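Peer 1: Sending over a structure as structure tokens; questions will come in a sec.
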Amino acid sequence: MTDSKAETRGVRVEVLAQYSEERSDPAHDLWFFLYKIRITNQGDETVQLKKRHWVITDATGKVEEVRGPGVVGEQPVLEPGQSFEYTSGCPLGTPFGSMRGTYDMVTATGKRFDAEIAEFHMREPGAIH
Numbered sequence: 089m090t091d092s093k094a095e096t097r098g099v100r101v102e103v104l105a106q107y108s109e110e111r112s113d114p115a116h117d118l119w120f121f122l123y124k125i126r127i128t129n130q131g132d133e134t135v136q137l138k139k140r141h142w143v144i145t146d147a148t149g150k151v152e153e154v155r156g157p158g159v160v161g162e163q164p165v166l167e168p169g170q171s172f173e174y175t176s177g178c179p180l181g182t183p184f185g186s187m188r189g190t191y192d193m194v195t196a197t198g199k200r201f202d203a204e205i206a207e208f209h210m211r212e213p214g215a216i217h
């Protein structure tokens with residue numbers, strides 16, 4: 089199921105990406121990809137996701153960085169053993185590219201750390217890469 093998986097200080101981030109044909113318009117250089125993320129707290133202390141930072145690279149090597157609070161309008165709190173899942177999307181101007189990033193996490197005791205989101209690839213089926 090997983091296109092990428094990373095674990096940082098007990099926080100596991102798994103990603104599954106897929107091409108969205110119905111939201112894409114290749115004739116106008118628009119390829120749209122959906123990605124589903126599961127964040128699981130495998131540690132022994134409660135954590136909260138505060139911010140996200142994405143590095144998006146298209147097939148030409150163009151890099152775009154996106155930063156913002158939370159994910160899909162939420163800043164989920166995860167107690168040990170809990171998971172949070174969400175789906176979001178990414179438009180690209182090329183038929184393939186990649187994403188990677190971090191979540192700014194804070195523990196119940198106020199310690200901050202970056203949970204890694206391992207690089208995953210987005211590719212239109214049939215695109216030559």
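Sequential numbering of the sequence shown, starting at 89, is according to my numbering.
Glycine included, every Cβ here is placed at the ideal spot set by N, Cα and C.
Given the structure is predicted, the values throughout are model-derived calculations rather than measurements.
(1) Kindly list the residues whose CB is nearer than 8 Å to the CB of residue 130, restricted to its own chain and excluding five residues on each side of it in sequence; keep chain order.
(2) Select from 135, 91, 125 the residue whose C-alpha is nearest the C-alpha of residue 197.
(3) Would you give the residue range spanned by the beta strand (DSSP E) that residue 200 belongs to?
(4) Express the C-alpha separation of residue 199 and residue 89 in angstroms, rounding to a whole number.
(5) Within a Cβ cutoff of 6 Å, which residues of the same chain sit near residue 151, ignoring the five residues on either side of it in sequence?
(6) Could you check how far apart the C-beta atoms of residue 201 and residue 193 are, in whole angstroms? I think they sit under 8 Å.
(7) Sort out for me which residues DSSP pairs residue 135 with in a bridge.
Peer 2: The short version:
(1) What you label residue 130 is simply residue 42 of the sequence shown in a count that begins at 1. If we look at residue 130 and ignore the five residues flanking it on each side, its Cβ neighbours are 95, 98, 99, 100, 168, 169.
(2) Residue mapping note: residue 197 aligns to position 109 of the sequence shown, counting from 1. Ranking 135, 91, 125 by Cα distance to residue 197 puts 135 first.
(3) By one-based count along the sequence shown, residue 200 stands at place 112. From DSSP, the beta strand (DSSP E) with residue 200 extends over 200 to 211.
(4) On the sequence shown, residue 89 is found 1 positions in, with the first residue counted as 1. On the sequence shown, residue 199 is found 111 positions in, with the first residue counted as 1. Note that residue 89 scores 42 on pLDDT, short of 50, meaning its location in the model is unreliable; the coordinates nonetheless yield the value given after this. Distance between the alpha carbons of residue 89 and residue 199 is about 32 Å.
(5) Counted from its first residue, the sequence shown places residue 151 at position 63. If we look at residue 151 and ignore the five residues flanking it on each side, its Cβ neighbours are 145.
(6) Taking the first residue of the sequence shown as position 1, residue 201 is located at position 113. Taking the first residue of the sequence shown as position 1, residue 193 is located at position 105. The pair is a contact, with the Cβ atoms about 6 Å apart (cut-off 8 Å).
(7) One-based indexing of the sequence shown puts residue 135 at position 47. The partner list for residue 135 (beta bridge, DSSP) reads 166, 195.
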